[in-house]
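Shown next, in structure tokens, is the structure this report addresses.
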Amino acid sequence: MNKQDTFLEMMDFRHACKIFDTRQKISNEDMHYILDVGRKSPSSFGMEAWKFLVITNDGVREKLKPFCWNQPQITTCSHLVVVLAGIDALKVESGVVQSQLMRRNLPQEKLDAFIKLYASHLSDTLSSDEKIYQWSARQTYIASANMMNAAAFIGIDSCPIEGFEKENVAKVLELDTRKYQVALLLPFGYRVNTQSKQFRSRFEDVIEFIQ
Ligand SMILES: Cc1cc2nc3c(=O)[nH]c(=O)nc-3n(C[C@H](O)[C@H](O)[C@H](O)COP(=O)(O)O)c2cc1C
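In numbering that gives the first Met the number 0, the protein residues as written are 0 to 210.
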């Protein structure tokens with residue numbers, strides 16, 4: 000099979016799995032692979048302002064379920080990944096921005112110029128925690144897509160879940176929401192039912208070439 004077909008096969012395997020087989024658990028090795036793909040994902044200015052909470056504890060998942068529209072994926076999956084969007088770390092005054100940039104071994108004047116650019120480009124985005132969350136969460140979705148595709152590549156199912164009560168989920172997880180807020184829930188596991196039919200718009204309806 001050529002590379003294009005291999006990739007498309009993975010895309011066709013992935014679907015929003017509604018119920019997982021509670022008897023089948025993902026191996027540590029496979030879970031590590033999926034999470035590592037998330038870790039390697041691109042982020043704006045290379046800030047990596049995210050965290051992936053991996054929940055296998057049944058009690059915690061039972062507590063979360065009512066705040067996730069009672070969706071069965073929460074308790075039937077093998078591993079529930081709660082994708083957190085960083086808030087404080089994206090503020091210049093946190094010092095994290097500087098330390099992330101310092102990994103690049105830039106000379107001091109370049110580092111200062113970069114931080115100035117960061118602060119001025121993002122002055123509106125950084126003006127409130129809510130705006131930071133909107134920006135930060137968008138980036139976690141890229142990591143989330145990568146993790147779902149990596150899972151599908153090795154025959155593991157997933158479902159992106161936005162149907163949850165953000166504040167209540169944060170309370171159950173005892174999050175310090177000045178540092179992290181919940182962006183998305185990602186259950187991983189193995190399907191019970193056969194895959195649902197894939198509905199997609201036609202290529203020509205969603206793609207336009209400007210030449
Ligand atoms: C951001 C986002 C949030 C979603 N939230 C939920 C959800 O809460 N529960 C659910 O069952 N599916 C959820 N889905 C799955 C979509 O309904 C699903 O991806 C879409 O209908 C296409 O189906 P497919 O992924 O099976 O191809 C979500 C998808 C995305 C991208």
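Idealized CB from N, CA, C, for every residue including glycine. All of these numbers come straight from a predicted model, not from anything done at the bench.
With a CB to CB cut of under 6 Å and the five nearest residues on each side skipped, what residues in its chain are close to residue 53? 78 and 80
Cα-Cα separation, residue 33 to residue 24: Distance between the alpha carbons of residue 33 and residue 24 is about 14 Å.
Exposure label - residue 126; buried when at least 16 CB within 10 Å: exposed
Does the distance from the CB of residue 182 to the CB of residue 124 come in under 8 Å? no
Candidates 19, 40 and 169, of which the one nearest residue 144 by Cα: 40
How should residue 146 be labelled, buried or exposed, when 16 other C-beta atoms within 10 angstroms of its C-beta is the threshold for buried? buried
Would you call the segment 86-101 and the segment 43-59 touching, i.e. three or more CB-CB distances under 8 Å? yes
Could you tell me if residue 121 is buried or exposed, where buried requires 16 or more neighbouring beta carbons within 10 angstroms of its beta carbon? A buried status is given to residue 121, since no fewer than 16 other beta-carbon atoms sit within 10 Å of its beta-carbon.
Measuring CB atoms only, is the segment 154-174 touching the segment 110-121, in the sense that at least three cross pairs come out at less than 8 Å? no
How many angstroms separate the CA atom of residue 6 from the CA atom of residue 13? 11 Å
Straight-line gap, residue 22 to residue 57 (C-alpha atoms, nearest Å): 13 Å
Just curious, the beta strand (DSSP E) that residue 70 is in, first and last residue? From DSSP, residue 70 is part of no beta strand (DSSP E); its letter is neither H nor E.
Can you find the residues in the same chain that come closer than 6 Å, C-beta to C-beta, to residue 71, ignoring five residues on each side of it along the sequence? 18, listed in sequence order.
Any heavy atom of ligand 1 closer than 7 Å to the CB of residue 162? yes
Below 8 Å, can you find three or more Cβ-Cβ pairs linking the segment 179-198 to the segment 83-90? yes
Closest Cα partner of residue 188 within the set 153, 136 and 63: 153
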